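Report on the structure given below.
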Amino acid sequence: MKKITLLFTLFLASLTTMAQITITDPAQGVTIADGDNFSFSTLGQKNAEVQLKITNNGSNTVNIMAEVTQVTNSDGTNLQFCLGDTCFNTISAGATYPQNGALTLAPGASNNDFDHFFNSNPGTDPNQPVVYGFRFFEVDANGNEIGDILSFTYTYDSSLSTNNYNLKDMGVNLMASTFKQEISFNAQEIGKISLYDLTGKRIVFQNYQAGQNTLFLGDLKSGVYLLGFETKNQKATLKVVKK
57 MKKITLLFTL
67 FLASLTTMAQ
77 ITITDPAQGV
87 TIADGDNFSF
97 STLGQKNAEV
107 QLKITNNGSN
117 TVNIMAEVTQ
127 VTNSDGTNLQ
137 FCLGDTCFNT
147 ISAGATYPQN
157 GALTLAPGAS
167 NNDFDHFFNS
177 NPGTDPNQPV
187 VYGFRFFEVD
197 ANGNEIGDIL
207 SFTYTYDSSL
217 STNNYNLKDM
227 GVNLMASTFK
237 QEISFNAQEI
247 GKISLYDLTG
257 KRIVFQNYQA
267 GQNTLFLGDL
277 KSGVYLLGFE
287 TKNQKATLKV
297 VKK
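In the numbering used here, each residue carries its 1-based index in the sequence shown increased by 56.
Listed below in structure tokens is the structure:
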């Protein structure tokens, strides 16, 4: 019975930690959720950055650390991970950051606007994806781990941008890249349409016909999304905005 009680107590502590600490990416307008994956087909900060805005929504001071859980197809160099006013250009799997002590946030406080991660490493094998995994967790004043916050992965995959054509070349005429309820377009031939959020999660995937097409998205929350078109031999992706 004592063992069950202890496990239940630890479970409740983990839920409390996740509830009182949030991590968002202000540039992409998303709240990062446990298990999210951010996928990019480009390198560098300008087009492949995940910003890390950490907020303590609770009533107690918190101390936050991050562990690198995965480094795949990379030697851990040619990147930048900033947390708690400290930036690292090299990381390794199993290491925790910041190395000079946890990020401490008072109740209602957030970290600065500069914490982030981006990758500029094309990979040990440039033909394979580069993947990094991160786990954020809370520690006590002595540095002892007391609860997980969330984990996410970051993927660079150059193949995501392969054969990316202009919509006009594909015979697709998109009525507008900003919409409220629906996306309308004309197509000269049949194809497939996909909609992704900026974490790389696919929300919509369906076929479309030659002629006038309408994709109804009234229930979608406001934000920036990636809209992909695919015909037999061509692909195109562009950003769209849901008001």
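Heads up, the beta-carbon is just placed ideally off N, CA and C, and yes, glycines get one too. Just so we're clear, the structure is a prediction, and the values are computed from it rather than from any experiment.
| Query | Result |
| --- | --- |
| Pair within 7 Å by beta-carbon distance, S148 and N177 | no |
| Sufficient close CB pairs (3 or more, under 8 Å) joining the region 150-159 to the region 73-90 | no |
| Paired residues, beta bridge with T293 - DSSP | G284 |
| Sequence-distant residues of the same chain with beta carbon closer than 6 Å to N119, five excluded per side | A158, T160 and V195 |
| Beta-bridge pairing of Q262 - partner residues as DSSP gives them | I249 |
| Candidates T87, I246 and H172, of which the one nearest Q107 by Cα | H172 |
| Segment limits, beta strand (DSSP E) that includes L159 | L159 to L161 |
| Exposure of E238, with buried meaning 16 or more beta-carbon neighbours within 10 Å | exposed |
| Test item: CB-CB of G256 and S97 under 7 Å | no |
| Minimum C-alpha distance to G189 - residue among M121, Q136, Y210 and I202 | Y210 |
| Counted within 10 angstroms of its Cβ, other Cβ atoms place E286 as buried (16 or more) or exposed | buried |
| Contacting residues, own chain, Cβ-Cβ under 6 Å from S115 (five flanking each side not counted) | P163 |
| V228 and A243 closer than 7 Å at C-beta | yes |
| T293 beta carbon less than 7 Å from that of G284 | yes |
| In DSSP terms, what M226 is bridged to | Paired residues: none, contrary to the question. |
| Supposed contact pair M231 and F241 - C-beta distance, whole angstroms, cut 8 Å | 6 Å |
| Reference I246; option with closest CA among K236, S233 and N263 | N263 |
| Coil, strand or helix - S148 by DSSP | coil |
| Proximal residues to K59 (C-beta, below 7 Å), its chain only, five neighbours per side dropped | Because the pLDDT of K59 is 44, which lies under 50, any placement of that residue in the model is unreliable, and the number read from its coordinates should be weighed accordingly. Cβ neighbours of K59 beyond the five flanking positions: none. |
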